[in-house]
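Numbering (this note's numbering), first residue to last: 2 to 1126.
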């Protein structure tokens, strides 16, 4: 015989001896021959030496091969054999470990598989360890040379996380020591919850215990209330088991043991509920194929996760899922018993069993409810061939029997018939289904479905009657006729158009001549205004007292724009002062701990729900709360800015984007910091040129017409707010009776005859209360304008009354010209009257009023009032649109013929230049004051020098040498963050009212200011925005001022910390009690409440916060507040 392979190491074979060719000698003892090959399947020394001693196989050390003695090299020492008794194999090796993790408490049975792992148990009895932790081998599970199973000792006393497994054969000499390639990890398993957390008292609920390291160790046992939960499977984050039956309803503890680790979590409980019961099945019938919905009523149904309904009839048995709606209702689809060999009665057959699989609840497996199965419906094929041809309008009739089971009650089967994929509208009777389908053509399979029953009676072929239906023929005929009419109409129109063209050409020539003369007039006017207005304006602006807002109102308008009555201005509305005050005092002390405040701000900024609005609010609240601690607030601000700069540079953003927008608490705090510290500079220095610019702007705008509806004006810096039409107007000098004292001299006021009555009232109030704060003077809406002629003739003028003109849904506001008020008239402001039209009954009207009187009289007569009703009705009802000087741009009401009076609107852009020239001196003054280090004897505020030096330090620290970046940082920090806001909103600094045209012009100045601070060059062309072109020549000059200002500041001597501290302490003392710090703390505390968990966990994780015990201090505040509420 011959065997070349290595797949079999030894093989007993039957042996027979054949005599003389065909005689088999008996073998009564069934003697077998044992064939073997030493080196087959014995690649290692250990495998070789554990072979059957009869084979006399030994390990040839030189050749590293299992062989017979005679096959090995002649040296005796190079052949090892097990019979020597003291033999051991060198070079043990570990190939596989499992498990690879186990609990620190030990008890894990660790299986080690490898080569040469000793020949006898005593070889390795004390030789297995993991670092300092011993592992005790188990003799019963030891497989010579191949496998060791050992039990790990407790590792809780050793600081070991991961360790390699070490096996020593007898002793730990290098040749007899094996170390695993993979490490074994000691872990701390834990569980946090159980899903679902409730189930029936009978048990059988499949639960998932969730946690971590739950797949560690070699064995796991789960108990619920001391009863074992049947283990199914486990992974790193979960263990799945099936609950045992409980003793009584209520909560039971969940206990998990992994080897010697006993995992306990008192918060995790499993809730045993009463077993569910079934009270009723409705309807109490179905068809053999099932699938019809059954509503099941019962108790405690929601305690089961996945209930099922089951039925048995003869040999057929099936199960269907149920959907639980609440504890008392679930819906199941009836199980099918159609496969049963038993027949179904037309009057209904009761199943052998019907019941529910609900975890391990035995009482509902079979219920005593009466239930019947009726035979499935039977349908006839559509035709013998299986294909039925029909016209589109014909309904499909499906014939059959058992279509409506003879069941009691109101329940009916819900049939669906599909023609292809399209359902059709059904009508059902005892023996047939009538099916009407939408417009279909072609071949479609018909399918009938009811419950779990589905049957196809055949295919439907739908064909159309003719190629051209009646509607198509009518359509083609109509279309042809229409085309003919269109061709005739086009020919007639062409003839007429050519006749009109000549007339239009002549009219256009006339209009061009007209336009040329108007353009010339406009240019001449603009030139004259530019020369005369500057002189007039400078003369008229006398330095009436500047109405500065007090510090508190000014700070509130910048910090909390748009909120008039903020909580930090008043006492808290919390009525339990003792506890709340104590808690807020503690909280105030916490805010004064820098590390707490920084952690609080960083944690808030890390939350996704913490909006931009919230960031600004928190920054302002912190600054108001720390108003009396400016030195501390400055330290916090510097730290936040430093962090912001680091973050900006780390995220590879362009450095110039730093502080560009307000997207962090730090940026808003910086604005607020400057707001607090520059009030004195505003009041003593920069306020005056800003107020003068505002007054000059207002006065210049009001010299020309301003549209009361659109806010557009003849004099404007903004292209968007420029009246682009020629408006004829006259200046009227009116004599206003002093409303404070009738006998005092009259006030002379200049108005325009195109001003609305409200605009006139505003101008009168400005003149009479010149220099008074806006908030302390009467409002135009509370006063009436009275035109006086003689002692008795007095008329109330209003924006809208019975005389208001209406034309094509457009209602024009009344102006002085509408009432024909003449130059030099006497007018008075009187408190508002109640009557709608205060018209004097006196007959002593003078000549100039007679025409106006007749107008009013006719308007007041009943007949005329009735005919003019639309004018008096409110705008919303009548749909009228108000206008004053120009109709809204989006209403192109001008007719073709009016075009001649319009000009190219761009010609009016020269007016922007006139206005700009008039205001130039005031803009220059303001910019010069802001961008000079010593203006008219005032010193540069320390805050500016201090902050600019800080930014320079930061740039040095980050090795930023680009001067443009440093310039941009400073611009973003002060001019663009503080000054632009003040320029656009002078009402933040002064007690004034800002109208829309002044707002638009201030925005242009603010944009110019921003452009002056920018380092980038703008290439200007004819398509550039008008506000950039307007100041194109001035901006390079302003840029030089800004650069000089920054370099002057950097050359000034640095401010010592002592000086800065003294300055900040003085500022804190000056404004100590401006805000209610308790209310501010209460507002900040609302964010603690909102993000309590995140803030507490951030304090817990932070080393320094732990040292200062900040978490427990905050918890103390929270507890005290909780007591108060």
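Positions of the beta carbon are idealized from the N, C-alpha and C atoms, including for glycine.
Neighbourhood of residue i by C-beta distance below 7 Å, restricted to the same chain and skipping five residues each side
i, result
"residue 352", "312, 313, 314, 338, 372 and 374"
"residue 765", "737, 750 and 830"
"residue 217", "100, 102, 103, 104, 188, 190 and 259"
"residue 1061", "943 and 947"
"residue 275", "202, 250 and 301"
Helix, strand or coil at residue i according to DSSP, with G and I counted as helix
i, result
"residue 868", "Any reading at residue 868 needs caution, since the residue's pLDDT is 30, under 50, leaving its predicted position unreliable; the model's value is listed next. It is helical."
"residue 1021", "coil"
"residue 732", "strand"
"residue 45", "coil"
"residue 673", "helix"
"residue 359", "coil"
"residue 590", "helix"
"residue 1047", "helix"
"residue 858", "Since pLDDT at residue 858 reaches only 40, below the 50 mark, its modelled position is unreliable, and no value is offered."
"residue 446", "strand"
"residue 13", "strand"
"residue 438", "coil"
"residue 262", "strand"
"residue 727", "coil"
"residue 303", "helix"
"residue 256", "strand"
"residue 364", "helix"
"residue 283", "strand"
"residue 471", "helix"
Burial state of residue i, where buried means 16 or more other Cβ atoms lie within 10 Å
i, result
"residue 511", "exposed"
"residue 946", "buried"
"residue 20", "exposed"
"residue 902", "With a pLDDT of 45 at residue 902, under the threshold of 50, the modelled position of this residue cannot be trusted; read the value that follows with caution. Counting Cβ neighbours within 10 Å, residue 902 comes out exposed, since fewer than 16 surround it."
"residue 248", "exposed"
"residue 1084", "buried"
"residue 1104", "exposed"
"residue 949", "buried"
"residue 284", "buried"
"residue 471", "exposed"
"residue 477", "exposed"
"residue 1130", "In the structure as shown, the chain begins at 2 and stops at 1126. Residue 1130 is therefore absent and cannot be evaluated."
"residue 935", "exposed"
"residue 150", "buried"
"residue 74", "exposed"
"residue 380", "buried"
Own chain, CB closer than 6 Å to residue i, minus 5 neighbours either side, in chain order
i, result
"residue 13", "33 and 35"
"residue 995", "988"
"residue 293", "287, 335 and 452"
"residue 1130", "This structure gives no information on residue 1130, because the portion of the chain shown stretches from 2 to 1126."
"residue 1012", "1036"
"residue 196", "209"
"residue 943", "1056 and 1064"
"residue 445", "420, 421 and 461"
Contacts around residue i, its chain only, beta-carbon distance under 8 Å, and the 5 residues preceding and following it disregarded
i, result
"residue 105", "155, 156, 157, 187, 188, 189 and 262"
"residue 1075", "552, 553, 556 and 628"
"residue 25", "17, 18 and 19"
Integer Cβ distance of residue i from residue j, believed to fall under 8 Å
i, j, result
"residue 881", "residue 811", "7 Å"
"residue 47", "residue 118", "7 Å"
"residue 548", "residue 993", "7 Å"
At 3 residues or longer, and completely inside the region 909-948: list those beta strand (DSSP E) runs for me, N to C.
none
Please give the ranges of any alpha helix (DSSP H) in the region 737-819, keeping only runs that are unbroken, at least 4 residues long and fully inside the region.
758-769
Continuous alpha helix (DSSP H) assignments of at least 4 residues falling wholly in the region 46-97:
Note on the region 46-97: whole alpha helix (DSSP H) runs with a minimum of 4 residues are 46-50, in chain order.
Could you name each continuous beta strand (DSSP E) segment of 3 residues or more that falls completely within the region 1059-1117, going from the start of the chain to the end?
none
Completely contained alpha helix (DSSP H) runs for the region 682-710, where each covers 4 or more residues
Entirely contained in the region 682-710, the alpha helix (DSSP H) runs reaching 4 residues are, in chain order, 688-704.
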